[in-house]
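Encoded as structure tokens, the structure appears first; notes follow it.
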Amino acid sequence: MSRPGWIWMGVWTSLCVGLPALATAASPSASVPADLAPADAVYVGSAECSDCHEMEETLAGTAHASMFFEEIEGHGCESCHGPGSTHVEDPEAYSMRLADMSPEEQSATCQGCHSGREQFFWEGGIHEARGLSCLTCHNVHSPASLEGQLHEASAKEQCYTCHQNVRAESWKRSHHPIREGRISCGDCHNPHGSTTDCGETPAP
Ligand code: HEC
Ligand code: HEC
Ligand code: HEC
Ligand code: HEC
Ligand code: HEC
Ligand code: HEC
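Per the working numbering, numbering of the sequence shown is gapless, rising by one per residue and ending at 207.
Rendered as structure tokens:
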């Protein structure tokens, strides 16, 4: 199966080209949910899932129900949850729950498609190193944010769930104009990691 990491390669241009992560981060990876599923499990198609789960409408209109998404992998629900035949026969034997996986495995599921562009330096970044996964911040079925499918209503609120000291600092008399909404965390930091040279914590 062709893995889509390469799709983003062309888009990734200037900033950090030439660093060692280039080779590894962009190389194709095995499909992790498929690897975790029972060995004899096969893809059954999203229509089967809908017999028991009303999740289709949660994806309607989002990137993960688009033509582009289908063209990349073509397994619908099972692109993320893995092949479902065993689960369909006996739901309790194999749950298909991503939350049951390790943080690395959760992220690898998403990185099958999102290993370029802004997610290029995820591996080795501080959030990855501290045990966060894509699922820590993102909620693909019922996001609270208008952009980026986050658990919280905005990027900044998402960051504040852990970085409370930064919220406190934003109320000081001299502060970056974050509270007023003119700039946000992402204007200076990439939560998906970067190299020190390119500045996860930008040089003061
Ligand atoms: C015959 C009915 C049935 C079908 C078909 C089915 N499921 Fe399930 N699914 C269940 C049941 C029942 C559970 C709860 C199992 C448990 O609690 O251990 C479940 C649990 C899940 C969970 C974990 C839910 C949670 O609350 O943590 C996921 C994810 C899931 N199914 C995805 C799928 C996908 C994807 C498909 C299609 C490939 C699918 N299911 C097809 C009945 C079904
Ligand atoms: C882009 C990846 C992706 C796709 C596509 C996807 N899911 Fe999920 N799904 C997740 C993630 C991430 C979670 C939350 C973590 C977990 O599984 O424990 C989740 C959770 C669930 C749950 C648990 C209930 C809940 O609200 O958390 C069910 C059931 C489920 N998905 C079924 C489906 C079905 C059915 C489809 C197809 C219509 C589908 N998923 C498509 C990623 C995906
Ligand atoms: C089969 C490929 C595939 C998988 C697996 C996948 N995605 Fe995506 N995702 C896409 C595509 C395609 C887009 C649309 C990108 C675009 O148009 O630039 C997208 C878009 C997104 C967006 C942006 C949505 C928006 O509205 O701005 C987020 C956030 C995202 N994905 C998170 C995840 C997470 C988290 C996972 C793992 C649970 C995941 N994706 C798994 C293909 C995938
Ligand atoms: C610490 C929180 C955090 C973690 C962890 C995280 N993200 Fe994000 N992600 C964000 C925020 C914030 C945005 C920007 C949302 C916005 O547009 O306001 C974003 C945006 C995105 C987008 C849409 C923009 C783009 O790059 O096309 C994708 C796709 C995405 N994340 C995928 C992932 C994947 C895959 C992982 C795991 C490897 C991940 N994220 C881990 C916070 C996080
Ligand atoms: C689930 C908790 C969690 C969330 C949510 C989170 N972070 Fe972090 N972040 C951490 C941890 C843990 C560290 C490592 C802190 C340390 O080592 O002192 C860290 C480190 C950082 C650093 C580097 C600090 C340094 O000392 O180099 C930056 C910058 C950062 N986060 C930005 C963000 C941004 C921006 C967001 C929101 C998009 C965010 N974080 C969301 C847990 C989180
Ligand atoms: C105008 C650019 C800018 C914006 C916007 C910004 N930061 Fe920072 N941030 C920096 C710089 C520069 C540093 C390094 C400061 C230092 O080391 O003294 C830093 C340091 C940090 C650190 C590590 C040090 C600490 O205070 O814990 C974290 C975590 C962090 N920022 C999170 C955030 C979050 C969360 C937001 C959004 C609410 C945000 N930043 C918005 C520029 C910015």
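We treat Cβ as the ideally placed atom computed from N, Cα and C, and that holds for glycine.
May I ask which residues mark the beginning and end of the alpha helix (DSSP H) holding residue i?
| i | result |
| --- | --- |
| residue 129 | 129–132 |
| residue 84 | 81–84 |
| residue 117 | Residue 117 -> no alpha helix (DSSP H), and no H or E assigned at all. |
| residue 139 | 137–140 |
| residue 147 | Per DSSP, residue 147 belongs to no alpha helix (DSSP H) and is neither H nor E. |
| residue 210 | Coverage of the chain is limited to positions 4 through 207, which leaves residue 210 absent and any answer about it impossible. |
For residue i, collect the residues of the same chain with a Cβ closer than 6 angstroms to its Cβ; drop the 5 residues on either side in sequence, then sort them by chain order.
| i | result |
| --- | --- |
| residue 140 | 153, 161 |
| residue 87 | 47, 81 |
| residue 44 | 86, 88, 89 |
| residue 7 | At residue 7 the pLDDT is 43, less than 50, meaning the model places this residue with poor confidence; the figure from the coordinates comes in the next sentence. Only 75, 116 meet the Cβ criterion. |
| residue 128 | 196 |
| residue 78 | 46 |
| residue 40 | 85, 86 |
For residue i and residue j, which I take to be in contact (beta-carbon distance under 8 angstroms), what is that distance rounded to the nearest angstrom?
| i | j | result |
| --- | --- | --- |
| residue 114 | residue 122 | 7 angstroms |
| residue 49 | residue 59 | 7 angstroms |
| residue 67 | residue 125 | At roughly 19 angstroms, the Cβ-Cβ gap does not stay under 8 angstroms, so residue 67 and residue 125 are not in contact. |
| residue 188 | residue 158 | 6 angstroms |
| residue 134 | residue 106 | 5 angstroms |
Here's a check: name, in chain order, each residue in its chain whose Cβ is nearer than 8 angstroms to the Cβ of residue i, leaving out the five neighbours to either side.
| i | result |
| --- | --- |
| residue 144 | 58, 61, 62 |
| residue 102 | 109, 138 |
| residue 98 | 90 |
With 16 other CB atoms within 10 Å as the buried threshold, where does residue i fall?
| i | result |
| --- | --- |
| residue 164 | exposed |
| residue 2 | Residue 2 lies beyond the residue range present for the chain, which begins at 4 and ends at 207; the question has no answer from this structure. |
| residue 136 | buried |
In chain order, what residues of the same chain have a beta carbon less than 7 angstroms from the beta carbon of residue i, not counting five sequence neighbours either side?
| i | result |
| --- | --- |
| residue 147 | 153, 154, 155, 156 |
Fill in: Chain-ordered list of residues that sit, by beta carbon, closer than 6 angstroms to a heavy atom of ligand 1
47, 51, 52, 54, 55, 56, 80, 81, 84, 87, 90, 91, 94, 95, 98, 99, 100
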